[in-house]
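So the sequence shown is numbered by this note's numbering: it starts at 7 and just counts up by one.
Structure first, then comments.
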Amino acid sequence: MKRRSDPAVPHGEVIRPVALPETASRKSKHLGRRLMTLAGALVFLSLVLVLIHVFTSKSLQIEIDPPADSISLRGMPWPVHVQGRYLVRPGNYRLEARRAGYHPLELEIQVGTQASQTLAFSLLKLPGYLDITSAPERGVYIQIDNTSFGSAPIQRLQLEAGTYVLQATANRYLPYTRQLVIEGKHKQQDLEIQLQPGWAEVSIDSQPPHVEAWLDGTRHGQTPLRLELMAGEYRLNLHHPDYLPYTVDFLVVADQPLVLPLAKLQAGTAHVRITSIPSGASVTIDSLDKGQTPLSLALAPNTDHRITLTKPGYRPGHQILEIEPGQQKTFTMHLEAMLGTVIVQATPEDAEVLVEGKTAGRGKLRLELPSAPQRLEVRKPGYLSHTQTITPLVDTPQVIAVTLKPAAAQSRQDPPARITTHQGETLIRLDGGTFSMGAPRREQGRRTNETQHGVALQRPFYIAVREVTNAHFSAFMPSHHSGSYRGHDLSAPDLPAVNLTWDDAVRYCNWLSEREGLEPVYEEKNGTWVAKTPLPAGYRLPTESEWEWAARWRPGRMLAKYAWGDEYPPLEVTGNYADHAASGLLEDIIDGYDDGFAVAAPVGSFRPNPLGLFDLDGNVAEWCHDYHSIYPALSEETYIDPAGPATGSKHVIRGASWMRSTLSSTRLSYRDQDNKPHVDVGFRIARYLD
Numbered sequence: 007m008k009r010r011s012d013p014a015v016p017h018g019e020v021i022r023p024v025a026l027p028e029t030a031s032r033k034s035k036h037l038g039r040r041l042m043t044l045a046g047a048l049v050f051l052s053l054v055l056v057l058i059h060v061f062t063s064k065s066l067q068i069e070i071d072p073p074a075d076s077i078s079l080r081g082m083p084w085p086v087h088v089q090g091r092y093l094v095r096p097g098n099y100r101l102e103a104r105r106a107g108y109h110p111l112e113l114e115i116q117v118g119t120q121a122s123q124t125l126a127f128s129l130l131k132l133p134g135y136l137d138i139t140s141a142p143e144r145g146v147y148i149q150i151d152n153t154s155f156g157s158a159p160i161q162r163l164q165l166e167a168g169t170y171v172l173q174a175t176a177n178r179y180l181p182y183t184r185q186l187v188i189e190g191k192h193k194q195q196d197l198e199i200q201l202q203p204g205w206a207e208v209s210i211d212s213q214p215p216h217v218e219a220w221l222d223g224t225r226h227g228q229t230p231l232r233l234e235l236m237a238g239e240y241r242l243n244l245h246h247p248d249y250l251p252y253t254v255d256f257l258v259v260a261d262q263p264l265v266l267p268l269a270k271l272q273a274g275t276a277h278v279r280i281t282s283i284p285s286g287a288s289v290t291i292d293s294l295d296k297g298q299t300p301l302s303l304a305l306a307p308n309t310d311h312r313i314t315l316t317k318p319g320y321r322p323g324h325q326i327l328e329i330e331p332g333q334q335k336t337f338t339m340h341l342e343a344m345l346g347t348v349i350v351q352a353t354p355e356d357a358e359v360l361v362e363g364k365t366a367g368r369g370k371l372r373l374e375l376p377s378a379p380q381r382l383e384v385r386k387p388g389y390l391s392h393t394q395t396i397t398p399l400v401d402t403p404q405v406i407a408v409t410l411k412p413a414a415a416q417s418r419q420d421p422p423a424r425i426t427t428h429q430g431e432t433l434i435r436l437d438g439g440t441f442s443m444g445a446p447r448r449e450q451g452r453r454t455n456e457t458q459h460g461v462a463l464q465r466p467f468y469i470a471v472r473e474v475t476n477a478h479f480s481a482f483m484p485s486h487h488s489g490s491y492r493g494h495d496l497s498a499p500d501l502p503a504v505n506l507t508w509d510d511a512v513r514y515c516n517w518l519s520e521r522e523g524l525e526p527v528y529e530e531k532n533g534t535w536v537a538k539t540p541l542p543a544g545y546r547l548p549t550e551s552e553w554e555w556a557a558r559w560r561p562g563r564m565l566a567k568y569a570w571g572d573e574y575p576p577l578e579v580t581g582n583y584a585d586h587a588a589s590g591l592l593e594d595i596i597d598g599y600d601d602g603f604a605v606a607a608p609v610g611s612f613r614p615n616p617l618g619l620f621d622l623d624g625n626v627a628e629w630c631h632d633y634h635s636i637y638p639a640l641s642e643e644t645y646i647d648p649a650g651p652a653t654g655s656k657h658v659i660r661g662a663s664w665m666r667s668t669l670s671s672t673r674l675s676y677r678d679q680d681n682k683p684h685v686d687v688g689f690r691i692a693r694y695l696d
């Protein structure tokens, strides 16, 4: 057989296999062995390191509330996560946790040396968004946890998740409060606030119609009326000139319409004001005593009324009066004096003669005087004054002979019953007594500063019959002006001096003392006026106990509660209080009472009390000598001639005034205190005998 020839080999040449070099083969085998050894060593080393890490690491469990969507723990050596726990070496690591709707948690943690450790964390919700709308739509003010956020509507208000207290207020609506829960997690929440009206519609009608309607002192027009009134208590007053006043109290409940019962007004009484010349005449109407002039009162209309005025020393005056419903009428009756002749023979011949406090002349006089009891006084500086009551007789002349004694001959056992200042102010002597000052604990209207305590007035004293007038006070302080009140003048000469301080009053007393050669009672120390101790015999303010004794003493009975008796309100005119005449000036008045004076009256305009003192119960309240203090309750101690504490911050004010009307403030035991001037606070003077 013929062999195939290979073109690459020369013809006839035999190709033989050649063996590789032995050295290269061995090198390759040695390299493979070394690599395998190195890999094994690395594996072994890794296992060793892993075992070392496993056996030296600490077990760390991380708890996230609520569970996180992702947790990352980074640090060196790298933490190993095994079945919910981490194998970590002690040291610092960076922890990151995230969950949708919550703030990311990113913080450094420290792993301690304990074998097993647990770290717990809470994720905070992202803020939520709140839209607030309201009804009414405007003017609703929003507060959340006492922080103001302005007025609704409010959009996209960002608040942290949690519970809040929301408050909403609006004019004329009831306050709104609710608990507000913000879900957070960037969720949008909507809140609509419905405020309830704080008012209700009130319907008022009357028979007859077109009557003036007043609510709590504010005029609201004429009936019929429909008013939106805020919830609360109200007093409705209806006034018509031809009808009696109508008053009703009612309660308005928010959002509940109210129709008041038809107000049926009764045909009005007529009003009459009676004055006389001279004043102070007793008035009887249809044989019933009504008081003294000047007098204002209501009368039944459409009937004849017989009015009689009487005054000692004057002939009675009579008048038949018919008055129409609602009519207001004023008339003045001139009383005819029944004169008697009085011949006064005074020694020394230049001694001054006064009748009822007014100068009649000097020395020997022939006087024609009304046939009524009158006070005759003869006086001269350096002599003891002589005072007596005379009653002139018609058609029978009387001779009064008076010889004054020098002052040095004055007997301490027989002090005069009356004295007169150089300004003509009359004071009467009161010998005092023992009484229980203050008010019983259960007395209606009693205040806490009216504790009862025993008082003994052992030192006789003089007290002024009338309050100090503007004319008297201006002689001391020409610049003083009592002013006015809502257009009503308070500065007329015969009105009581007001708008003055306690200091002003005691300075006036000192001025009087100095003018008459008496030791002043008050002195100024460090800018403050204080009384000397013991009290000198100069002019001063009445002590509070003197004032109360003079105001409340009644013959043969216990101390008076009110000037008019023991029951409130007064049934007849006895003094100047807040009354019908002041209804346009003051909110609170005594219903059905009309003394004829809107503000202060001339001093002595009303009948005196049983001691002959005017206006202690009304007209103006009065400064007293004492600092205000509260006497111990249930004390058995009797205070002798008390003049109050030596120091204090405010002084006592006693008595009611033309601004007072309540059951409490018109009581004679009512106490007040202040240092500031007032339009209804004046004073009267007092002094010891020696």
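Just so it is clear, CB atoms sit at the ideal spot from N, CA and C, and this is done for glycine as well.
Exclusion of the five residues before and after S302 leaves R279, D600, G602 as the residues of its chain whose Cβ lies within less than 6 angstroms of its Cβ. For the set Q213, V208, L221, the Cα lying nearest the Cα of L233 is the one of V208. Scanning the stretch 525 to 566 for uninterrupted beta strand (DSSP E) segments of 3 residues or longer gives 528 to 531, 534 to 537, listed from N- to C-terminal end. For K386, the number of other beta carbons within 10 angstroms of its own is at least 16, and it is reported as buried. Annotation: S675 is outside any beta strand (DSSP E) and is labelled neither H nor E by DSSP. Only buried fits L136, as 16 or more other CB atoms lie within 10 angstroms of its CB. The DSSP assignment places 182 to 188, 194 to 200, 205 to 210, 218 to 221, 224 to 228, 231 to 236, 238 to 245 as complete runs of the beta strand (DSSP E) inside the stretch 174 to 250, in order along the chain (cut-off: 3 residues). Residue state for E520 is assigned as helix, using DSSP reduced to three classes.
Under a 10 Å Cβ-count criterion, K531 is classified as exposed, with fewer than 16 other Cβ atoms of the shown protein chains found around its own Cβ.
Between L180 and G204, the C-beta spacing is below 7 angstroms. The alpha carbon of Q298 has as its nearest neighbour, out of P318, N308, P307, D310, the alpha carbon of P318. In the three-state scheme derived from DSSP, where H, G and I count as helix and E and B as strand, N98 is classed as strand. Secondary structure note for S655: it is in no beta strand (DSSP E), with a DSSP letter that is neither H nor E. Bounds of any beta strand (DSSP E) do not take in S480; it lies within the alpha helix (DSSP H) bounded by 476 to 482. Judged by beta-carbon spacing, Y583 lies beyond the 7 angstroms limit of V461, meaning their Cβ atoms are not closer than that value. The three-state secondary structure of G618, taken from DSSP, is coil. With 16 or more neighbouring CB atoms inside 10 Å of its own CB, A176 falls in the buried class. Annotation for Q116: the continuous beta strand (DSSP E) segment containing it runs 111 to 117. In terms of Cβ geometry, V408 and H392 form a close pair [threshold 7 angstroms]. Where G590 is concerned, there is no enclosing beta strand (DSSP E), because DSSP gives it neither an H nor an E. The Cβ atoms of L506 and V527 do not sit closer than 7 angstroms to each other. The DSSP-derived three-state label of D509 is helix. Going by DSSP, S285 is part of no beta strand (DSSP E) at all; its letter is neither H nor E. D632: member of the beta strand (DSSP E) spanning 627 to 633, first to last residue. If you draw a straight line from the Cα of V259 to the Cα of Q464, it comes to about 60 angstroms. The Cβ atoms of L695 and V471 do not sit closer than 7 angstroms to each other. Following the DSSP letters along the chain, one finds V254 inside the beta strand (DSSP E) bounded by residues 252 to 258. Contact between the stretch 277 to 297 and the stretch 336 to 350 is established, with three or more Cβ pairs separated by less than 8 angstroms. For H459, the uninterrupted beta strand (DSSP E) segment begins and ends at 459 to 462. Partner residues in the beta bridge of F467, as assigned by DSSP, are L436, Y694. Listed in chain order, the non-local C-beta contacts of Q272 below 7 angstroms within the same chain comprise Y249, L250, local neighbours out to five positions each way being set aside. A straight-line Cα-Cα distance of about 7 angstroms links R435 and P422.
G297 sits in a strand when the DSSP states are folded into three classes. By the C-beta criterion, the stretch 150 to 168 is judged to be in contact with the stretch 182 to 201, since at least 3 inter-stretch pairs fall below 8 angstroms.
Y514 carries a helical assignment under DSSP once its states are collapsed to helix, strand and coil. Within the same chain, Cβ atoms closer than 8 angstroms to the Cβ of T549 are found at C630, H631, D632, D647, P648, A649, G650, A692, the five residues on either side in sequence being excluded.
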